[in-house]
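Novice: Chains as they are written, first to last, in the working numbering: chain E, 1 to 101; chain D, 1001 to 1387; chain C, 2001 to 2302.
Glycine is no exception: its CB is placed at the ideal position from the N, C-alpha and C atoms.
Before anything else, here's the structure in question.
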Amino acid sequence: MNYPLRQNSFKPPEKLADYPVGTAFPAGHLVDTNASWRSRRPVIDAEKCSNCRICWLICPDGVIHNTTPGGLEIDYDYCKGCGICAKECRQNAIHMENEGI
Amino acid sequence: MMLEQKAFLSGNEAVAAGVRLARPHVIAAYPITPQTTVIERLAEMVEDESLKAEYLNVESEHSALSACIGASAVGARTFTATSSQGLLYMAECLHYASGGRFPVVMMNANRSVALPWNIYGDQRDSLSLLDCGWIQAYAENAQESLDLIIQAYAIAEHPDVLTPMMINLDGFVITHTYELVSLPSQEGVDAFLPPFQTVNKMDLDHPMSLAFTAGPAYNQAFKQLQHQAVLSALKVILDTEERFGQLFGRNYSGLIESIHCEDAEFIIVTLGSVAGTVKPVVERLRSLGERVGLVRIRYMRPFPDREIRKALAGAKAVGVLEKDISFGYEGTVFTNVNSALMRSKVIQPRLLNFIGGLGGKDISVADIERLFLRLKSPDDGETVGFI
Amino acid sequence: MGNRQEKKISIRNLSDREFFYGHKGCPGCGGSLALRLALKVFGERSYAVVPAGCMSAVGFIFPQMAFTCNAIISTFPGTASMLSGVAAGARALGIKDFHAVGFAGDGGTADIGLQALSGAIDRHEKIIYICYDNEAYMNTGVQKSALTPAGARTATSPVGNRLRGAVTQKKPMFEIVAAHGVDYAATASVGYPLDYLRKLEYASQVDGTSYIHVFTPCPIGWGYETSDTIAVAKNAVDCGLWYLAEFSNGRFTLTHNPSEFISVQDYLLGQSRFRHLQEEDLQGIITMRDLKWSNIHREWFS
Ligand SMILES: Cc1ncc(C[n+]2csc(CCOP(=O)(O)OP(=O)(O)O)c2C)c(N)n1
Ligand code: SF4
Ligand code: SF4
Ligand code: SF4
Ligand SMILES: [Mg+2]
């Protein structure tokens, strides 16, 4: 995997013995998502996309992934809806949609 | 028992010799009187390759300790040394090292703190940082300094402890006084002190996040663990001294050294080199039939409260003699001794606090004799006084 | 840099792996993009040292850890000193092929961390030091740093009857670092990501100290739309208030030499931190910009 996934099975420590030694904890350990931060979500129109990967390059959160052959996929667990990808896409292949509440 | 060599060394040189025997990977330090000769000797040892270590000529004490923490965070054994203003300049990193559980070993040359400027010995530097989470030991002479440095790595790196340790030497009185010192063999020290192993580090095979933030829900638990760790040192120190004694034939007495306290009525409690002045006075007064005794505190953290209670249990009057004061109250050692006694159900002795030796002011044999007289004389209502 | 490989870095060969993911940086944070791209170049054998500041605050909140490579928070002044210790420790332990890389803010670099940085450069430590410059102390709520530009409103350079934002000029960190005789230094901007990537790649191959000063807009502290971070970072370069340069082997070079500038007014007035500026303030900023560029042309190209 090129990026970490949320650890669904993580249980917060209850007693002292459950805590890590020192202040050292496994890297890339995610227990919650950032999805709720978003008021708008980027949507990629595969028809218009030229696969230039600019959006992938400049997303501050690195949530645009090259997982499907020839296409891009957004990890909506961690996309914050900043809109940078939509603004920088030269093909206008990304638009921002309001999140329903 | 391993064969040892003898050498005529100052306290600082004995520390450097001890550090070399402990084989640290990284040494980072910044010069300050009276610590300088330790780091000069170490720089020479690295240069002549009798010590294989990275020596960082850093640009401040903050950086010295910060670099040691960084090295410790990849699993390296580290050493630094400082004194006085330098120790204070490190304050942020002192807490960082203990909170992060990085077992850095440091020598501190106890020295007065400005203002007024003064390069001579007192203990206000380290005692003002007693709460920074480090194990604090106080040596009495060069031999003990050397032995404490070697033991320090075994104590600090022990998995139950994993806490940095500060070895304090009285400025000039210990750091610059030459003595005949026994040097343990390298094979002996290698057998005594295995390489540093820890899970509390960054690891390229198992990437880790270190020195993280812990919010209100978790923070206190980390602090409780830190407290537990320093308390664990109580036992680890004893075990370490026992192993050390078996290998090298020098036995230490645990967190305090008590002399003639079993039946003593009047006891002086002190720490560091001044104990060397008190000892002959105690012996002389004893030979005259006086029931006097001495407690030399070897460790201020963890604090030997049980040992102190036991040693002082039969005393009529106790004087805590220290080169320190917490302005507006009393000496910090006195506060700690008092608190230890308050925890016992036995009758409290009369307690006096003698503050002396600030900025290197001499404490003479005659001064000590006067202090014992003071302990024997009737209560005049004064508790804290400068000598 | 005799052994430097000329493998040209591009969007196509940049790693797909993410080393800074799920962090709590604000939407559109330029600093987090600078970290993310740098770690893609430096790779999994990196030890990241991140001092107090936004990037450590958003990346290591137990039990949520956003770095997927090794990473550690340093004290605020201690980025370069801790980096030195990490590098020395790893070396002494016989660890090979690693990068010790620091990510410090403008305050953590130009103010409180300058001493340690200077010492590390002086020792030619084999470290990479990235200053992500968002032009203020963001983590503590937007106070003025030595890299806050003249005229910018911050919480400690307010706008009132006497003051119109910061009265000091941006400390010339790139030149200060270069004056040490550093092994490699560069300026960059997240608005020119490929130029930045190329400099990261170069830094990863330098045998000594590398310093990259990357311009990273902050929508929260500067007052612009979260979607505009890349555009703002590009405009800062295009209007001549930031420049893309390199220093190596004792020589300065521009990696981008604009023949003309876009409007400074448009760049500044698009951000709420500058919106109070009056015509004379804007003219003063343009004068300083022109002075800087004439110095660049005179001193670097003589
Ligand atoms: C010794 C010390 N002084 C002050 C602080 C408070 N502090 C933490 S982060 C920070 C601001 C950091 O600013 P900068 O380095 O520019 O990084 P940014 O937050 O903008 O990313 C300050 C002032 C601290 N942590 N340590
Ligand atoms: S920037 Fe636009 S065109 Fe380029 S890959 Fe992304 S969506 Fe496709
Ligand atoms: S909206 Fe922002 S966070 Fe979401 S994919 Fe686009 S650039 Fe990334
Ligand atoms: S305040 Fe600015 S620099 Fe800090 S996380 Fe938010 S956007 Fe990034
Ligand atoms: Mg900043």
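Quick check on DSSP: helix, strand or coil for glycine 2002/C?
Specialist: Note on glycine 2002/C: pLDDT 40, under 50, position unreliable in the model; the coordinate value appears next. Residue state, collapsed to three classes: coil.
Novice: Ignoring anything shorter than 4 residues or poking outside the segment 1237-1289 of chain D, list the alpha helix (DSSP H) runs there in chain order.
Specialist: 1274-1287
Novice: Buried or exposed for asparagine 1141/D, please, with buried defined as at least 16 other CB atoms from any protein chain shown within 10 angstroms of its CB.
Specialist: buried
Novice: Where phenylalanine 1196/D and alanine 1071/D are concerned, what is the direct C-alpha to C-alpha distance, given to the nearest angstrom?
Specialist: 12 Å
Novice: May I ask you to report which of helix, strand or coil DSSP gives glutamine 1224/D?
Specialist: Glutamine 1224/D falls in the helix class under three-state DSSP.
Novice: Exposed or buried, alanine 2088/C, counting other C-beta atoms within 10 Å across all chains shown (16 or more means buried)?
Specialist: buried
Novice: Less than 7 Å between the CB of serine 2145/C and some heavy atom of ligand 1, yes or no?
Specialist: The beta carbon of serine 2145/C sits closer than 7 Å to at least one heavy atom of ligand 1.
Novice: Is threonine 1078/D near tyrosine 1030/D, with beta carbons less than 8 Å apart?
Specialist: no
Novice: How many Å lie between asparagine 2003/C and glutamine 2115/C at the Cα?
Specialist: Caution applies to asparagine 2003/C, whose pLDDT of 46 falls short of 50 and renders its modelled position unreliable; the value that the coordinates give is listed next. Between the alpha carbons of asparagine 2003/C and glutamine 2115/C lies a gap of roughly 31 Å.
Novice: For ligand 2, I want to know if cysteine 82/E counts as a neighbour, meaning its beta carbon is within less than 7 Å of at least one of the ligand's heavy atoms.
Specialist: no
Novice: Could you tell me the alpha carbon to alpha carbon distance between methionine 1202/D and alanine 17/E, rounded to whole angstroms?
Specialist: Rounded to whole angstroms, the separation of the alpha carbons of alanine 17/E and methionine 1202/D is 21 Å.
Novice: Which ranges does the alpha helix (DSSP H) cover as unbroken runs of at least 4 residues, wholly within the segment 2020-2069 of chain C, from first to last along the chain?
Specialist: 2030-2042 and 2054-2057
Novice: Using the beta-carbon count (16 or more within 10 Å), is tryptophan 1117/D buried or exposed?
Specialist: Classified as exposed, tryptophan 1117/D has fewer than 16 neighbouring CB atoms from the shown chains inside 10 Å of its CB.
Novice: So with CB distances below 9 Å, who are the chain E contacts of alanine 2092/C?
Specialist: The contacting residues do not exist; alanine 2092/C stays about 20 Å from chain E at best.
Novice: Around the Cβ of glutamate 14/E, are there at least 16 other Cβ atoms within 10 angstroms (buried) or fewer (exposed)?
Specialist: exposed
Novice: Could you tell me whether any Cβ in chain D is nearer than 8 Å to the Cβ of leucine 2268/C?
Specialist: no
Novice: In the DSSP output, which residue or residues are listed as bridge partners for glutamine 1005/D?
Specialist: Leu1183/D
Novice: Please look up how many angstroms separate the CB atoms of tyrosine 1153/D and phenylalanine 2062/C, rounded, as I've assumed it's under 8 Å.
Specialist: The pair is not a contact, with the Cβ atoms about 29 Å apart (cut-off 8 Å).
Novice: Any idea what DSSP makes of leucine 1051/D, helix, strand or coil?
Specialist: coil
Novice: Hey, would you say the C-beta of serine 50/E is under 7 Å away from at least one heavy atom of ligand 2?
Specialist: Yes, ligand 2 has a heavy atom inside 7 Å of this Cβ.
Novice: Which whole-angstrom value is the C-beta distance of glutamine 1151/D and aspartate 1324/D, which I expect to be below 8 Å?
Specialist: Not a contact, Cβ separation roughly 24 Å.
Novice: Could you give the DSSP three-state label for valine 2101/C: helix, strand or coil?
Specialist: strand
Novice: Please state if the CB of leucine 1255/D and the CB of isoleucine 1237/D are separated by a distance shorter than 8 Å.
Specialist: yes
Novice: Does the Cβ of valine 1015/D have 16 or more other Cβ atoms within 10 Å, making it buried, or fewer, making it exposed?
Specialist: buried
Novice: For chain C, check one thing: does any of its Cβ atoms lie closer than 8 Å to the Cβ of alanine 86/E?
Specialist: True, the Cβ-Cβ gap to chain C drops below 8 Å.
Novice: Given the structure, does isoleucine 64/E come close to ligand 3, in the sense that its CB is under 7 Å from one of the ligand's heavy atoms?
Specialist: yes
Novice: Answer yes or no: do serine 2157/C and alanine 2166/C have a C-beta to C-beta separation smaller than 8 Å?
Specialist: yes
Novice: Is there contact between the segment 2220-2237 of chain C and the segment 2163-2177 of chain C, where contact requires at least three CB pairs shorter than 8 Å?
Specialist: no
Novice: How many Å lie between methionine 2001/C and leucine 1204/D at the Cα?
Specialist: Only weak support exists for where methionine 2001/C lies, its pLDDT of 40 falling under 50; the value from the coordinates is given anyway. Each residue's alpha carbon lies about 26 Å from the other.
Novice: Put serine 2074/C into one of helix, strand or coil per three-state DSSP.
Specialist: strand
Novice: Please confirm if arginine 2004/C has its CB atom under 8 Å from at least one CB of chain E.
Specialist: Caution is warranted here: a pLDDT of 49 is assigned to arginine 2004/C, below 50, making its placement in the model unreliable, and the coordinate value is therefore given only provisionally. No, arginine 2004/C lies away from the interface with chain E (no Cβ there is under 8 Å from its Cβ).
Novice: 8 Å is my cut-off, CB to CB: does glutamate 2018/C come that close to chain E?
Specialist: Yes, because at least one Cβ of chain E sits closer than 8 Å to the Cβ of glutamate 2018/C.
Novice: Quick check on the DSSP output: the beta strand (DSSP E) that includes cysteine 2239/C runs from which residue to which?
Specialist: No beta strand (DSSP E) holds cysteine 2239/C; DSSP gives it neither H nor E.
Novice: Using the Cα positions of serine 2248/C and alanine 2034/C, report the straight-line distance between them to the nearest angstrom.
Specialist: 22 Å
Novice: Using three-state DSSP, classify tyrosine 2202/C as helix, strand or coil.
Specialist: helix
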